[in-house]
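Q: Using full-length UniProt numbering, you'd call the opening residue of the sequence shown number 1 and step up by one each time.
Backbone N, C-alpha and C fix where the C-beta goes; we use that ideal spot for every residue, glycine too.
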Amino acid sequence: MSSKRPYEDEEREDAGHPKRPRAVYFAPDDDSGIRYDARSSLTHNDYTIAWICALSLELVTSRAMLDEEHQLLAIQPGDDNVYVLGRIGQHNVVMVCLPGQYGTNNAAVVATNLKRTFPRIRATLMVGIGGGCPSQADLSLGDVVVGTRVMQYDMGKVIVGGCFQETAVPKTPAPLLNAAVSTLRSLHSQHNSSSRMASLLQSRLSDLRRPVQPDQLFQAFYEHPPGALTCDSCDLENLQRRGLRLSDEPKIHYGVIASGNRVMKDGKTRDDIAKRLSALCFEMEAAGMMDNLQCLPIRGICDYADSHKSKEWQSYAAATAAAYARELVEALPHSPRQLGPDTIYSSTAGETDTTSYASERRERLLASLTFSQIDTRKTNIGTAHATTCRWLLQHADYRDWLDPEMQSQNHGFLWMRGMAGAGKSTMMKFLFLETKKKHNTPTASFFFHVQGAYLEKSITGMYRSILLQLLKLFPDRQSVLDDTDIIPWSQQDCPNLNVLKELLRGAVIALSQHSFTCFINAPNECDEQEVGDMGVLLTLEDQRGHTEDLTKYVKNRLNVRNPTLLAELQTKILDKAGGIFMWIVLVVEILNKETNHSALALRKKISEIPSELSNLFRSIIKRDEERQEWLLLCVLWVLCAKRPLGPEEFRHALWAGLLETDEVDRELPNDTDDDAVSLVTSSSKGLVEVTKSKEPKVQFIHQSVPDFLVKEKGLQDLWPDLGFDWEGRSHERLRLCCDTYLSHPEVQTFLSGPKDGDKPVAMAEKYSFLQYASQQILHHANIAALAAPQDDFLSHFFASGGIGVINLFERRKTRAYSAYATPLYIFADQGLENLVHIQMRKESPIYAPKETYGYPLFAALANGHTGTVAALLGLSSIICNGVSIMEGLKYRKDLSEYKGRTPLSWAAQEGRPSIVQALIQGGADTDEADRKGSRPLLRASQKGHEAVTRLLIEKGADVNTTDKDGWTALILALQKGHEAVAQLLIEKGADTNETDVK
């Protein structure tokens with residue numbers, strides 16, 4: 001058996017350090033073990049790490065972390081700081097203690113002087129003690145909180161009603177420190193170890209012991225008895241119940257530190273502020289440092305910031321903070337000494353690399369927020385008529401919304417609602433443009449496009465768009481992207497929705513006194529109660545100004561010259577419209593086609609037109625029986641396409657669907673055929689349009705059209721052959737269109753020929769529908785499987801080069817599937833749940849060595865395809881015993897989550913009993929070895945997952961199985977302090993003779 005502990009990070013000797021001529025070392029009289037350099041040639045420019053303490057007891061424990069101390073140097077005039085100089089590893093460090101006064105202001109003075117005397121400081125640590133916020137994390141005394149963000153909680157203003165509103169902005173450490181924190185966190189995670197703190201305390205502060213006083217957390221409302229010096233007289237019935245820790249080793253927490261100029265000694269106030277700021281710790285100096293030095297605060301928890309404060313834990317907490325700080329300094333890149341005093345300092349090589357990466361990372365994250373068609377909906381909304389919409393600018397609710405003094409009443413929120421087609425989008429665009437033009441206010445907008453691609457109609461797209469606009473309007477707030485506690489240091493692609501929300505929240509809070517206005521044009525499906533409670537509600541149809549706008553539109557657009565007849569028709573139109581602007585637009589268009597007829601004919605026409613918008617759509621569709629097949633296919637493509645089609649794509653898609661009807665030629669459409677835009681209008685009877693954008697798309701003229709077809713069952717009423725399962729039948733029709741196009745002889749000739757370089761992209765101009773058909777045919781087959789068998793199609797598709805078709809437009813080779821990819825892997829990777837169910841009857845989800853994620857399950861997990869995960873596990877739903885099997889799982893596209901694992905060993909390590917159960921039922925071997933040489937029982941035991949450990953043993957796992965180094969599950973459980981798991985293993989027959997954890 002190997003004598004080395006698994007994943008152990010052993011104490012190291014310090015290897016290299018800056019070369020210093022004529023160095024002499026001697027042990028000081030205090031016998032501290034620190035080596036002193038009496039004749040150093042170091043100058044102020046050689047010190048690049050600053051280490052600041054607020055209390056002398058903090059400085060005592062901090063000095064113990066130095067490998068050696070250096071002689072003092074002269075200081076700048078006016079600098080009253082007293083410094084301690086020394087070295088940690090390869091870094092020269094300057095330590096300083098505040099001169100006996102608490103607070104952010106005093107800290108700012110110390111920071112300013114430090115920066116003057118030591119101009120090449122590139123990383124600053126604020127190391128010491130703090131009060132924990134136990135309501136926000138599982139904190140214990142002696143734990144360490146690393147401040148990835150700092151908020152000054154006592155900076156703000158008193159607003160209407162006497163409420164205090166924080167105005168301080170979140171401040172983040174320098175990018176170099178963020179990078180070091182991320183490196184250290186990943187090291188701890190990789191080695192399944194919290195830190196080297198324990199070994200550092202033992203080796204450098206051997207006389208310091210963990211306090212014998214109990215770690216007691218009282219409930220927030222329970223106050224310490226007045227005058228009592230200890231908590232001996234406190235009522236223990238008021239202790240807060242907490243989970244039992246198996247080890248006394250301090251834990252490390254990362255998050256917000258609340259900084260202020262007063263000592264926090266009240267539990268209820270502590271919890272209120274902590275909840276508002278998501279703070280883990282209170283302290284009194286970091287906010288004063290951040291503006292000058294962008295420091296990283298590191299705080300050992302010595303009390304719980306309540307009335308039960310005492311000093312017994314201060315020295316130990318200061319020591320744990322100092323031990324973590326030393327470990328962090330070791331993780332910083334080495335800064336080589338500059339060549340001479342005339343060298344102009346910008347940054348060292350190591351810092352240059354880190355700063356360059358940080359800058360590049362920020363730019364890439366910013367770029368990742370944008371997406372195609374981000375402004376399409378807003379662009380395609382018609383500009384309001386010159387004389388309309390202006391009434392709203394004088395409306396009392398709107399003016400109150402603009403008034404900062406009224407924000408306590410309306411929360412800065414104005415909700416304008418109206419029926420579908422009432423004209424809300426036009427009004428919203430008008431207000432957006434007016435606000436930008438007249439008020440000179442930083443303004444952002446997002447117009448949901450329900451008919452657009454996913455990001456155009458999703459909450460994710462909205463957050464990306466608003467955040468991008470805000471960060472471009474306020475470039476200094478782009479620092480929120482540097483927060484590695486929210487976005488991992490290695491990540492450069494777009495964050496997920498939860499992270500986007502946190503980033504936008506942080507950026508908005510950071511605006512402080514700046515004004516920022518958002519216009520969100522959302523669908524009617526928003527929850528009225530939820531939104532109405534947020535601010536002022538304004539119903540469009542009830543507004544007199546809206547009625548006047550409709551009157552102006554009819555008067556200006558209806559081509560009737562007789563004033564008397566115009567007034568009569570105008571009255572009838574407005575009476576029947578019910579305030580719906582879209583109804584008026586359609587009716588005016590219909591009447592304008594009849595203006596050559598008599599007044600009697602016009603009166604008859606207006607009386608025949610249905611008053612309901614849905615009935616008007618039905619009337620337009622049924623007004624003649626010509627080209628009904630064209631109309632249906634047009635409607636289906638706009639309604640069911642995976643993404644909106646361009647005009648040329650639409651023409652080729654329509655042609656492919658009509659090829660078997662003999663209504664079109666057998667040759668592919670070409671540029672000399674009818675104009676694609678005209679084809680869109682004629683085939684849809686005016687209910688579909690082409691957007692006027694940089695990349696035109698085919699869409700319904702208004703969201704009320706698809707609402708009528710789907711929600712009001714207009715599609716089934718007008719085309720009853722589609723039946724109740726109209727969606728599956730519709731996608732089967734579109735799948736056939738794609739298949740017909742791909743099977744056309746001319747397209748087949750291209751597909752079977754060489755496709756080097758950019759040929760596929762270039763040929764897409766000739767074969768306009770080829771990219772969509774090749775990329776989405778399986779999407780349509782997946783939904784069509786609900787109504788029609790797909791087995792024959794799938795067999796033929798993959799037998800005739802389907803993988804090559806799928807890869808055709810994939811320009812990144814790493815993203816393409818290999819020739820050996822199985823259909824099941826492809827379906828899992830793309831989230832095609834129904835096709836997975838079909839394919840699972842034919843093949844097993846085995847390992848695919850040449851594919852990105854190896855196993856189909858990992859491909860589905862990485863892409864967040866929850867339904868597909870359930871299908872691969874043989875489950876009908878992700879809900880198992882009332883709980884989602886995916887609850888708490890994070891979808892990660894990077895391979896570190898799955899590398900070297902099998903699905904069973906991964907599920908065991910993650911502590912997922914439902915997934916483990918499903919995998920075993922599906923045939924997984926409980927004793928299978930993964931590519932790391934470990935087994936499911938070993939991974940579950942090492943992580944302390946008792947339920948999974950029990951399940952594996954009950955399903956036949958060998959309780960004494962070993963890994964490649966000979967370690968058993970019992971040894972791993974004991975080594976990690978998982979006592980309950982160890983007891984379970986012993987009860988199940990684990991060999992207790994092999995338990996020497998060396």
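Between which two residues does the alpha helix (DSSP H) harbouring D829 extend?
A: On the sequence shown, residue 829 is found 829 positions in, with the first residue counted as 1. Run containing D829: P823 to Q830, per the alpha helix (DSSP H) assignment.
Q: Give me, in chain order, the residues of the same chain whose beta-carbon lies closer than 6 angstroms to that of E833; leave out the 5 immediate sequence neighbours on both sides.
A: Position 833 of the sequence shown, counted from the start, is the residue given in the question as residue 833. Cβ within range, chain order: G867, T868 and A871.
Q: Can you tell me whether P21 is buried or exposed, with buried defined as 16 or more other CB within 10 angstroms of its CB?
A: Taking the first residue of the sequence shown as position 1, residue 21 is located at position 21. Here the model assigns P21 a pLDDT of 26, short of 50, so the residue's position is not dependable, and the following value carries that caveat. Exposed.
Q: What is the DSSP secondary structure of A107, counted as helix, strand or coil?
A: Taking the first residue of the sequence shown as position 1, residue 107 is located at position 107. If DSSP states are grouped into helix, strand and coil, A107 belongs with the helices.
Q: Looking at G128: is its Cβ nearer than 9 angstroms to the Cβ of G267?
A: If you number the sequence shown from 1, residue 128 lands on position 128. If you number the sequence shown from 1, residue 267 lands on position 267. No. Outside cutoff.
Q: In chain order, what residues of the same chain lie with their CB nearer than 6 angstroms to the CB of S619, ignoring the 5 residues before and after it?
A: As a first step, residue 619 must be located in the sequence shown, where it is residue number 619. Cβ neighbours of S619 beyond the five flanking positions: P610.
Q: In the DSSP assignment, find the alpha helix (DSSP H) that holds W726 and state where it starts and stops.
A: Stepping through the sequence shown from its first residue, residue 726 is reached at position 726. Segment W726 to S743, the alpha helix (DSSP H) holding W726.
Q: Have a look at Y853 and A859 and give me their C-alpha separation to the nearest angstrom.
A: Residue numbering aside, residue 853 sits at position 853 when the sequence shown is read from its first letter. Residue numbering aside, residue 859 sits at position 859 when the sequence shown is read from its first letter. In a straight line, the C-alpha of Y853 is about 5 angstroms away from that of A859.
Q: So, for M886: in the same chain, excluding its five sequence neighbours on each side, which residues have a beta-carbon less than 8 angstroms away from its beta-carbon?
A: For the purposes of this step, residue 886 is taken as residue 886 along the sequence shown, with counting starting at 1. T866, V869 and I878.
Q: Going by C-alpha to C-alpha distance, which of L201, A325 and R204 sits closest to A50?
A: By one-based count along the sequence shown, residue 50 stands at place 50. Nearest of L201, A325 and R204 to A50, Cα basis: A325.
Q: Rounded to a whole number of angstroms, what is the C-alpha to C-alpha distance between T962 and A929?
A: Stepping through the sequence shown from its first residue, residue 962 is reached at position 962. Stepping through the sequence shown from its first residue, residue 929 is reached at position 929. Near 10 angstroms, if we compare the C-alpha coordinates of A929 and T962.
Q: Give a yes or no on whether the C-beta atoms belonging to A305 and S259 are separated by under 9 angstroms.
A: Working through the sequence shown from its first residue, we reach residue 305 at position 305. Working through the sequence shown from its first residue, we reach residue 259 at position 259. Their beta carbons are not under 9 angstroms apart, which means A305 does not touch S259 by this criterion.
Q: So what does DSSP say about R901, is it helix, strand or coil?
A: Walking along the sequence shown from the start, residue 901 turns up at place 901. In this structure, R901 counts as coil in the three-state DSSP scheme.
Q: Cutting at 7 angstroms between CB atoms, please list the residues of its own chain near W726, excluding the five before and the five after it.
A: Against the sequence shown, residue 726 aligns to sequence position 726. So the list reads L715 and Q716, once near-sequence residues are dropped.
Q: For Y454, is the classification buried or exposed, using 16 other Cβ atoms within 10 angstroms of its Cβ as the cut-off for buried?
A: Residue numbering aside, residue 454 sits at position 454 when the sequence shown is read from its first letter. Exposed: under 16 other Cβ atoms inside 10 Å.
Q: Under DSSP, the beta strand (DSSP E) around residue 1010 begins and ends at which residues?
A: Outside the displayed span of the chain (1 to 998) sits residue 1010, for which this structure offers no information.
Q: Counting C-beta neighbours from all protein chains within 10 Å, is the total for E695 16 or more, i.e. buried, or is it exposed?
A: Your numbering for residue 695 matches position 695 in the sequence shown. When all chains shown are included, E695 counts as exposed.
Q: Quick one: Cα of M289 to Cα of M126, how far?
A: Here the question's residue 289 lines up with position 289 in the sequence shown. Here the question's residue 126 lines up with position 126 in the sequence shown. Each residue's alpha carbon lies about 8 angstroms from the other.
Q: Alpha carbon to alpha carbon, what distance is there between G89 and K19?
A: What you label residue 19 is simply residue 19 of the sequence shown in a count that begins at 1. What you label residue 89 is simply residue 89 of the sequence shown in a count that begins at 1. Only weak support exists for where K19 lies, its pLDDT of 32 falling under 50; the value from the coordinates is given anyway. Spanning the two alpha carbons is a distance of roughly 12 angstroms.
Q: Short of 7 angstroms in beta carbon distance, which residues of its chain neighbour H731, apart from the five on each side in sequence? Order them along the chain.
A: Taking the sequence shown and counting its residues from 1, the one referred to as residue 731 is at position 731. So the list reads C640, H780, I783 and A784, once near-sequence residues are dropped.
Q: Under 8 angstroms: do the region 231-250 and the region 213-221 share three or more Cβ pairs, one atom per stretch?
A: Touching, yes.
Q: Figure out for me which residue from S693, R122 and Q790 has the closest Cα to the Cα of T46.
A: Here residue 46 refers to the residue found at position 46 when the sequence shown is read from its first residue. Rather than Thr, the amino acid found at residue 46 in this sequence is Asp. Considering only alpha carbons, the answer is R122.
Q: Please identify the residue among A317, G506, K593 and K457 whose C-alpha is closest to the C-alpha of D476.
A: Here residue 476 corresponds to residue number 476 of the sequence shown, with the count starting at 1. Nearest C-alpha to D476: G506.
Q: CB Y741 to CB A653, shorter than 9 angstroms?
A: The residue given as residue 741 occupies position 741 in the sequence shown. The residue given as residue 653 occupies position 653 in the sequence shown. Yes.
Q: From V698 to L718, what does the alpha carbon distance come to, in whole angstroms?
A: What you label residue 698 is simply residue 698 of the sequence shown in a count that begins at 1. What you label residue 718 is simply residue 718 of the sequence shown in a count that begins at 1. Taking the straight line from one Cα to the other gives about 22 angstroms.
Q: For the structure I just gave you, are there three or more beta carbon pairs, one from the region 679-686 and one from the region 615-635, closer than 8 angstroms?
A: Yes: the two stretches touch, three or more of their Cβ pairs being nearer than 8 angstroms.
Q: Looking at the unbroken beta strand (DSSP E) that takes in T48, where does it start and where does it end?
A: Residue mapping note: residue 48 aligns to position 48 of the sequence shown, counting from 1. Here T48 belongs to no beta strand (DSSP E), and DSSP marks it neither H nor E.
Q: Please tell me whether E810 and P823 are closer than 9 angstroms, where the distance is taken between their beta carbons.
A: Translated into the one-based positions of the sequence shown, residue 810 becomes position 810. Translated into the one-based positions of the sequence shown, residue 823 becomes position 823. No; because the gap between Cβ atoms is not below 9 angstroms, this pair is not in contact.
Q: Helix, strand or coil for N92 per DSSP?
A: Sequence index remark: in the sequence shown, residue 92 carries index 92 (1-based). It is a strand residue.
Q: Would the region 139-149 count as touching the region 171-191 if we require 3 or more Cβ pairs under 8 angstroms?
A: Yes, the region 139-149 touches the region 171-191.
Q: Quick check on the DSSP output: the beta strand (DSSP E) that includes I298 runs from which residue to which?
A: Taking the first residue of the sequence shown as position 1, residue 298 is located at position 298. That run of the beta strand (DSSP E) goes L296 to D303.
Q: Would T426 and T517 qualify as a contact pair, given that the criterion is a beta-carbon distance under 9 angstroms?
A: The residue given as residue 426 occupies position 426 in the sequence shown. The residue given as residue 517 occupies position 517 in the sequence shown. Cβ distance not < 9 angstroms, so T426 and T517 don't count as in contact.
Q: For L602, which residues from the same chain have a beta carbon less than 8 angstroms from its beta carbon, with the 5 sequence-adjacent residues on both sides left out?
A: Stepping through the sequence shown from its first residue, residue 602 is reached at position 602. Taken in chain order, the residues that qualify are V560, L565, L569, L591, E594 and T595.
Q: Where does V84 sit, in a helix, a strand or coil, going by DSSP?
A: Here residue 84 refers to the residue found at position 84 when the sequence shown is read from its first residue. Strand, per DSSP.
Q: From the DSSP output, which residues share a beta bridge with E283?
A: Taking the sequence shown and counting its residues from 1, the one referred to as residue 283 is at position 283. Looking at the DSSP assignment, E283 forms a beta bridge with S259.
Q: Buried or exposed: where does G989 fall if 16 or more other Cβ atoms within 10 Å of its Cβ makes it buried?
A: Reading the sequence shown from its first residue, position 989 is the one you call residue 989. Exposed: under 16 other Cβ atoms inside 10 Å.
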